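Reading through the structure tokens given below for one structure.
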Amino acid sequence: MFIGDYFSVQPELLFSYKTVGTESIVLTNIKHHVGEHEYFPVKSTDVLWYASIPVNLKISYPFISGRPFISVAPMLDLGLYGKNELDDYDELKSLLEEMKLPVDRKKLKNYDQLLFQANPNDPAFDYRVDQVYRNVNFSLLFKAGLDFTSGFCISAAYQLGLTNMYNMAPKAEAFYRSFGMKLDQKMHTFSVSLGVKF
Numbered sequence: 002m003f004i005g006d007y008f009s010v011q012p013e014l015l016f017s018y019k020t021v022g023t024e025s026i027v028l029t030n031i032k033h034h035v036g037e038h039e040y041f042p043v044k045s046t047d048v049l050w051y052a053s054i055p056v057n058l059k060i061s062y063p064f065i066s067g068r069p070f071i072s073v074a075p076m077l078d079l080g081l082y083g084k085n086e087l088d089d090y091d092e093l094k095s096l097l098e099e100m101k102l103p104v105d106r107k108k109l110k111n112y113d114q115l116l117f118q119a120n121p122n123d124p125a126f127d128y129r130v131d132q133v134y135r136n137v138n139f140s141l142l143f144k145a146g147l148d149f150t151s152g153f154c155i156s157a158a159y160q161l162g163l164t165n166m167y168n169m170a171p172k173a174e175a176f177y178r179s180f181g182m183k184l185d186q187k188m189h190t191f192s193v194s195l196g197v198k199f
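If you want it as structure tokens, here you go:
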């Protein structure tokens, strides 16, 4: 929606898939020590699906075959689905066998955790009653690009997250902080897009 010749407001609906490399902790009586804790680090990946609603405040100027533009958008991200998945189940299986706790591969899947959903029966942390990630994230989206008169558009954008995505019960947060972990994760992303306007 244009407001004058150079300003416009452009709401959008975006769906995105993100992955974040993390490290899960399995308490054990072997391997590494931190203070009173004995633990084994297992590499894992956070798999995240989001629906995002940016409202672009856009400045553009007619130029030859298109309109170069810059925009800034307050953006609301809604977490649709998230899961922490172990990268190497065989590594965890070897660890549990070394602890004299043989476990079949299907049961190892129980160590995967849902991130946007509360799970009071989490086998790894029986005190976790809240979701690990917040379902709502606020951010600012800065974008620059070119809208061609043919209907094509190209752009590059940077998303500046304003919300700490972690949302843990106090006991769970204290547990992770005891390992020296910084529980302050904000979503910062770069993106490049090519699209067609109808």
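Our numbering puts the first residue of the sequence shown at 2, with every later residue one more than the last.
Here a beta-carbon is modelled for each residue, glycine too, at the ideal position from N, C-alpha and C.
Note that the coordinates shown come from a computational prediction; the quantities given were computed from them, not determined experimentally.
Residue i and residue j look like a contact to me (Cβ under 8 Å); what is the Cβ gap, rounded to whole Å?
{"i": "K144", "j": "L115", "result": "Going by Cβ atoms, the distance from K144 to L115 rounds to 32 Å, so no, they are not a contact pair."}
{"i": "N136", "j": "M188", "result": "The Cβ separation is near 13 Å, so there is no contact."}
{"i": "S61", "j": "P69", "result": "7 Å"}
{"i": "T6", "j": "S45", "result": "The sequence given here places Asp at residue 6; Thr does not occur at that position. With 8 Å as the limit, D6 and S45 do not qualify as a contact, their Cβ atoms being about 51 Å apart."}
{"i": "V193", "j": "F153", "result": "Rounded, the Cβ-Cβ distance is 14 Å, inconsistent with contact."}
{"i": "G162", "j": "S140", "result": "5 Å"}
List the residues that DSSP assigns as beta-bridge partners of residue i.
{"i": "M76", "result": "P55 and S140"}
{"i": "R135", "result": "R135 is not bridged to any residue."}
{"i": "F70", "result": "S61 and G146"}
{"i": "S192", "result": "A158"}
{"i": "F117", "result": "In the DSSP output, where bridge partners are listed per residue, F117 has none listed."}
{"i": "G83", "result": "L49"}
{"i": "K44", "result": "E24"}
Which class does residue i belong to by DSSP, given the choice of helix, strand or coil?
{"i": "F176", "result": "helix"}
{"i": "G5", "result": "coil"}
{"i": "D88", "result": "coil"}
{"i": "V24", "result": "In the sequence as presented, Val is not what sits at residue 24; that position holds Glu. Three-state result, E24: strand."}
{"i": "K19", "result": "strand"}
{"i": "K94", "result": "helix"}
{"i": "V10", "result": "strand"}
{"i": "G181", "result": "coil"}
Among the options, whose alpha-carbon lies nearest the alpha-carbon of residue i?
{"i": "T23", "options": "S61, V10, F8 and V43", "result": "V43"}
{"i": "S66", "options": "G5, A175, D148 and V56", "result": "D148"}
{"i": "Y134", "options": "Y167, P12 and L15", "result": "Y167"}
{"i": "K59", "options": "T150, M169, L184 and P75", "result": "P75"}
{"i": "L79", "options": "E92, P63 and A52", "result": "A52"}
{"i": "W50", "options": "L77, F64 and Y82", "result": "Y82"}
{"i": "T190", "options": "T20, P171, E92 and E86", "result": "T20"}
{"i": "Y159", "options": "G146, L142, A175 and T150", "result": "L142"}
{"i": "N57", "options": "F64, L77 and D47", "result": "L77"}
{"i": "I71", "options": "S95, S156, F16 and T150", "result": "S156"}
{"i": "D113", "options": "S95, D185 and D47", "result": "D47"}
{"i": "D185", "options": "L195, F176, T164 and K172", "result": "T164"}
{"i": "F8", "options": "S17, T150, G181 and P63", "result": "P63"}
With a threshold of 6 Å, establish whether the CB of residue i neighbours any heavy atom of the ligand MG.
{"i": "V73", "result": "Of the ligands one can find in the structure shown there are none, so the ligand MG has no counterpart to examine."}
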